[in-house]
Amino acid sequence: MKAELGTRNELELLSACQNGDQTAFRALFDKFHERVLHLCIRLCGNVQEAEDITQEVFLRIHHKLDKFERKSEFKTWIYRVTLNLCMDRNRTIDRRAKYWSFKPFRHVSNALESQNFTNTRNVDAQIWGNEVQEILHKALMKVKPDWRNVLVLKDIEGLTYKEIAKIANCSEGTVCSRLNRGRKALRAALAGLGIDENYFRD
Amino acid sequence: MLRHYRLKQRLSAYLDGELSEAEVRTLEIHLQRCESCRRELSAVRQGKCSAQHFGKPAWRDSELLWARLQRARNTAAPGMLLLSASRRWKFALRTSFKARAVWAGATIVVASALLLLHLGLQKGRPEARPRPWPSRAGSAFAIDFGLYLDALSKGQEPHEFERRYGSRVTSYEEAMLQTNFDMPASPRMLSAFQLAEVQTLKSGCCYSVQFNCTSNSRRTIIFQQPRDHPASFGPYDLVPTEVNGRRCFRIDAGDWTVLCWDDEVSQYVVMSQLADADLTRALRYLM
């Protein structure tokens, strides 16, 4: 059964889901949850939040299956939902950081900033495996959220400009300029963390 | 030809192979000429190389996540994202609780400090000073003072008045001295006072209070009498008359005219040298 489900494409799985087939939903979950989780971790920086958001994404998908009109790919849709939820979360964090940014509470603000890439459960350090990945992730977290979204979708998820434009709800020109800035910011952030410009080479 | 900044924005697309052939050619020609774009391209390329080294996180808890999702789906009512709400609650509590707790704590501390300060000040403060004796009293004061004098003359304890006005007088004479009437010591005024005192002595109650009638510098003197006043006022007869549409009594005492009328509270007698127009105005004010 599982093998059979594995061979079916997303649209068939979706149709089955819409008809109330739970195994099809499980197959969709299996197919996408790692990507969604990875995206969430890259966009939020925090594993615990990423798990919550992933769960939220699949709940929303499940509730709104009927409303999916198949004008775009399922992948685009799920990425878009994920991106929106992550942006919501980042906005909340920004608001809090702004709220605490005046001098007497500067330490709170600093703690909030560091919350982006540290975790109370201390899972983050383990999931990256090596130090280089940890530094890369830290540097990514220093990139402005709008640029980071595009950077992650392009360089980590490997989507095309057209798909990114659809997901981020902007033009391809905007995607391109954000990607420019995001890449430059990533390089600057890495330099700030003591990584040489020529450390990563093709 | 595309301008420099537009070409600069397309460097990523150039690296990712998203440009058309014509655009690539244009950009390459521009790159040969433009140093700034070459630097930019190198920076973007380094960023891209770094980004390509991003690895995947080692994630093994798929079953756990699926179980969580199932639980959330079962508890959520159809059409309502219960988990979303709970997650939001959890998030809101976790994030804003600290902030709110700090603000609430600060408010409580400040409020209690203010309260303690207030209590401390209250304790250390000397007793409230009595109000200065009014040099120009209103009609309410006039009534009070009349009652006070009445009580004094009857030998009663006039606590209320003393408390209200801080008076320390013990006798009628002293009260008369303290009232600060601010009157010219004209013989006519003195005679008016004498008239009052004579009346007081004769009837054994009430009554002399100054009232400033607001009109010029002339003075009006009000007497207060109990409701069951006699038809005569000492040696003078009360002549019924009408002033300003109200019935009152008139007493002619030499060059002073005395008017008295009924009021809901008490009765007043006005002694005045005022011209009729001024008297009318004064009466309107008093009544």
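So the protein lines, in turn, are chains A and B. Read left to right, the first sequence gives residues 1 to 202 (the working numbering). Read left to right, the second sequence gives residues 1001 to 1287 (the working numbering). Idealized CB from N, CA, C, for every residue including glycine.
- Straight-line measurement puts the Cα of residue 172(A) at about 6 Å from the Cα of residue 162(A).
- None of the residues of the region 1020 to 1035 of chain B has a beta carbon lying less than 9 Å from any beta carbon of chain A.
- Counting along the chain, the unbroken alpha helix (DSSP H) around residue 23(A) starts and ends at 22 to 44.
- Neighbourhood of residue 1037(B) in chain A, by CB distance below 8 Å: empty, with the nearest CB roughly 11 Å away.
- Counting every other CB atom within 10 Å of its CB across the protein chains shown gives residue 1105(B) a total below 16, marking it as exposed.
- In this structure, residue 186(A) keeps its C-beta atom at 7 Å or more from the C-beta atom of residue 135(A).
- Within chain B, the residues placing a beta-carbon under 7 Å from that of residue 177(A) are 1009, ordered along the chain.
- Of all C-beta pairs linking the region 33 to 50 of chain A to the region 70 to 90 of chain A, three or more are shorter than 8 Å, placing the two stretches in contact.
- Under a criterion of Cβ atoms nearer than 8 Å, the residues of chain B adjacent to residue 161(A) are, in order, 1013, 1016, 1018.
- At a Cβ-Cβ threshold of 7 Å, residue 1073(B) and residue 55(A) do not count as neighbours.
- Cβ-Cβ distances below 6 Å link residue 10(A) to 74 in the same chain, with the five nearest sequence neighbours on each side left out; the list follows chain order.
- About 6 Å separates the Cβ atoms of residue 154(A) and residue 179(A), confirming a contact at the 8 Å cut-off.
- Closest option to residue 1064(B), judged by alpha-carbon separation, among 149(A), 52(A), 89(A): 52(A).
- Contact between residue 1034(B) and residue 1004(B) holds, with the beta-carbon distance rounding to 7 Å and staying under 8 Å.
- Taking the beta carbon of residue 1119(B) as reference, no residue of chain A falls within 7 Å; the closest one sits roughly 29 Å away.
- In this chain, residue 198(A) is not harboured by any alpha helix (DSSP H), its DSSP state being neither H nor E.
- DSSP places residue 1242(B) within a strand segment (E or B) once states are collapsed to three.
- The C-beta of residue 193(A) comes no closer than 7 Å to any C-beta of chain B.
- Using a 10 angstroms sphere on the CB of residue 182(A), the tally of other CB atoms reaches 16 or more, which defines it as buried.
- Taking a C-beta distance under 7 Å as the contact criterion, residue 17(A) and residue 86(A) do not qualify as a contact pair.
- Here residue 1044(B) is near residue 1012(B), since their CB atoms are less than 7 Å apart.
- Among the CB atoms of chain A, none fall inside 7 Å of the CB of residue 1070(B).
- Counting only residues of its own chain and dropping the five nearest sequence neighbours on each side, residue 1049(B) has no CB closer than 6 Å to any other CB.
- Residue 1064(B) carries a helical assignment under DSSP once its states are collapsed to helix, strand and coil.
- For the pair residue 1047(B) and residue 177(A), the Cα-to-Cα distance works out to about 14 Å.
- At least one C-beta of chain A is nearer than 7 Å to the C-beta of residue 1053(B).
- Rounded to the nearest angstrom, the gap between the Cα atoms of residue 170(A) and residue 148(A) is 14 Å.
- Taking 7 Å as the threshold, the shortest C-beta distance from residue 1058(B) to chain A falls below it.
- Residue 1047(B) carries a helical assignment under DSSP once its states are collapsed to helix, strand and coil.
- Contact between residue 1008(B) and residue 1040(B) holds: their C-beta atoms lie close to 6 Å from each other, under 8 Å.
- Close to residue 184(A), with beta-carbon spacing below 9 Å, are these residues of chain B in chain order: 1040, 1043, 1044, 1046, 1047.
- Not a single CB atom of chain A sits nearer than 7 Å to the CB of residue 1112(B).
- The Cβ of residue 190(A) sits closer than 7 Å to at least one Cβ of chain B.
- In chain order, 166 place their CB closer than 7 Å to the CB of residue 72(A), counting only its own chain and leaving out the 5 sequence neighbours on each side.
- By the neighbour-count criterion, in which 16 or more other beta carbons inside 10 Å mark a residue as buried, residue 184(A) falls on the buried side.
- Close partners of residue 187(A) in chain B (Cβ separation under 7 Å): 1043, 1046, 1047, 1050.
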